[in-house]
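Enquirer: Just passing along the structure, written as structure tokens.
As structure tokens, this is what we get:
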């Protein structure tokens, strides 16, 4: 195997050079059992079309004469034996005396003033930006990184209080929840596992920590109460829908559920209060 050499060329504001790799196939190389896989001695950015591969002096192309496996490996495609050959249909392997020459082009940004673009680094930056715009590999990317950051921030800022009433009774439920953040109520939603034969009306009452520790004073947060209509699964179908009289939450406010009207048969109620903190 021949040594490595480097030639330097300057184009405007960019140094463009290449690194060369030459393989002369001998018995020692065949004994490595690499088949048609050729390790690259210099890393290559896949998809940049900046790799020249020659096999026995013939320039071969990607997706025809060779396949890019990763930045350190290619696989030669030398075709298959013809119909009239004893090994017909099998891939043609490397033979003693075969010569492989590979030139890996390396653009580098020249230091100093002036304009210029390093295509390789620009491509890597582009790929990194596209990757940053999505969470999982198969996800559709957000329109911009800013949009994805906004989504992450929104998810981090939204908290949900959940009340679960397996059996529903008229009056105040025996469950109180403290919310440990300042916030603003964004949405309230109720659903049930078993339908009621009449509408069920819920009030959500709030009490400050100071009052809770002295003389509790509970105030309904609704102007128009939360309703699950008869034979309906959720509050989404209620007419009219709820309206809030008070959407502000102070740190450590306490909440409870007051069933103002009970539809017979309703069971398994879940009430969610979504809060932006």
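In the working numbering, the protein residues as written are 1 to 277. In this text, a Cβ means the ideal position worked out from N, Cα and C, and glycines have one as well.
Within the continuous beta strand (DSSP E) that includes residue 193, where are the two ends?
Expert: For residue 193, the enclosing beta strand (DSSP E) covers residues 183-194.
Enquirer: Go ahead and label residue 267 buried or exposed: buried means 16 or more other beta carbons lie within 10 angstroms of its beta carbon, across all protein chains shown.
Expert: exposed
Enquirer: If we count the other Cβ atoms within 10 Å of its Cβ and call it buried at 16 or more, is residue 81 buried or exposed?
Expert: Exposed: under 16 other Cβ atoms inside 10 Å.
Enquirer: Quick one, which of 207, 101, 154 and 17 has its alpha-carbon nearest residue 176's?
Expert: 207
Enquirer: What residue from 231, 66, 249 and 40 has the CA that sits closest to residue 183's CA?
Expert: Looking at the Cα atoms, 249 is the closest of the given residues.
Enquirer: Rank 222, 161 and 253 by C-alpha distance to the C-alpha of residue 259 and give the top, closest one.
Expert: 222
Enquirer: Is it right to say residue 224 is buried, meaning 16 or more other beta carbons lie within 10 angstroms of its own, or is it exposed?
Expert: Counting every other CB atom within 10 Å of its CB across the protein chains shown gives residue 224 a total below 16, marking it as exposed.
Enquirer: In this structure, how does DSSP classify residue 58 when only helix, strand and coil are distinguished?
Expert: strand
Enquirer: In the DSSP assignment, find the unbroken alpha helix (DSSP H) run with residue 148 in it and report its ends.
Expert: 145-157
Enquirer: Pick helix, strand or coil for residue 17, following the three-state DSSP scheme.
Expert: strand
Enquirer: In angstroms with no decimal places, state the Cα-to-Cα distance between residue 99 and residue 130.
Expert: Whole-angstrom Cα-Cα distance: 39 angstroms.
Enquirer: Following the continuous beta strand (DSSP E) through residue 173, name the residue where it begins and the one where it ends.
Expert: 171-179
Enquirer: If you reduce the DSSP assignment to three classes, tell me which class residue 280 lands in.
Expert: Outside the modelled stretch of the chain, which goes from 1 to 277, sits residue 280, for which no answer is possible.
Enquirer: Leaving out the 5 sequence neighbours to the left and right, which residues in its chain are closer than 8 angstroms to residue 36 when beta-carbon positions are compared?
Expert: 75, 76, 77, 78, 91, 93 and 94
Enquirer: With residue 257 and residue 165 assumed to form a contact (beta carbons below 8 angstroms), what rounded beta-carbon distance in angstroms separates them?
Expert: 7 angstroms
Enquirer: Excluding the 5 residues preceding and the 5 following residue 220 in the sequence, name in chain order all residues of the same chain whose CB lies nearer than 6 angstroms to its CB.
Expert: 203 and 205
Enquirer: Taking all protein chains shown into account, decide if residue 201 is buried (16 or more other Cβ within 10 angstroms of its Cβ) or exposed.
Expert: Per the 10 Å Cβ criterion, buried.
Enquirer: Which residue wins for smallest C-alpha separation from residue 22, given the options 57, 49 and 163?
Expert: 57
Enquirer: My output table needs one value for residue 115: the three-state DSSP class, helix, strand or coil.
Expert: Because residue 115 sits at a pLDDT of 49, beneath the cut-off of 50, its placement in the model cannot be relied upon, and the point is left open.
Enquirer: Note down, in chain order, each residue of its chain lying with its Cβ closer than 8 angstroms to the Cβ of residue 174, except the 5 sequence neighbours on either side.
Expert: none
Enquirer: Looking at the unbroken alpha helix (DSSP H) that takes in residue 30, where does it start and where does it end?
Expert: Taken as a continuous stretch (DSSP letters only), the alpha helix (DSSP H) holding residue 30 covers 27-30.
Enquirer: Could you name the residues that DSSP lists as bridge partners for residue 161?
Expert: 273
Enquirer: DSSP has residue 66 in a bridge; who is on the other side?
Expert: According to the DSSP secondary-structure assignment, residue 66 is paired through a beta bridge with 62 and 76.
Enquirer: If contacts are defined as beta-carbon pairs under 8 angstroms, then residue 242 and residue 226 qualify, I think. What distance do you get, rounded to the angstrom?
Expert: 5 angstroms
Enquirer: Just to confirm the assignment, what range does the beta strand (DSSP E) spanning residue 213 have?
Expert: Where residue 213 is concerned, there is no enclosing beta strand (DSSP E), although the alpha helix (DSSP H) it sits in stretches over 209-213.
Enquirer: Between residue 276 and chain D, is any beta-carbon pair separated by less than 8 angstroms?
Expert: Protein chain content of the structure displayed is limited to a single chain, and chain D is not contained in it.
Enquirer: Answer yes or no: the CB of residue 36 versus the heavy atoms of the ligand NAD, is any distance below 7 angstroms?
Expert: For the ligand NAD, the structure offers nothing, since it holds no ligand at all.
Enquirer: Identify which residue in 38, 149 and 235 has its Cα closest to the Cα of residue 66.
Expert: 38
Enquirer: Have a look at residue 18 and residue 104 and give me their C-alpha separation to the nearest angstrom.
Expert: 5 angstroms
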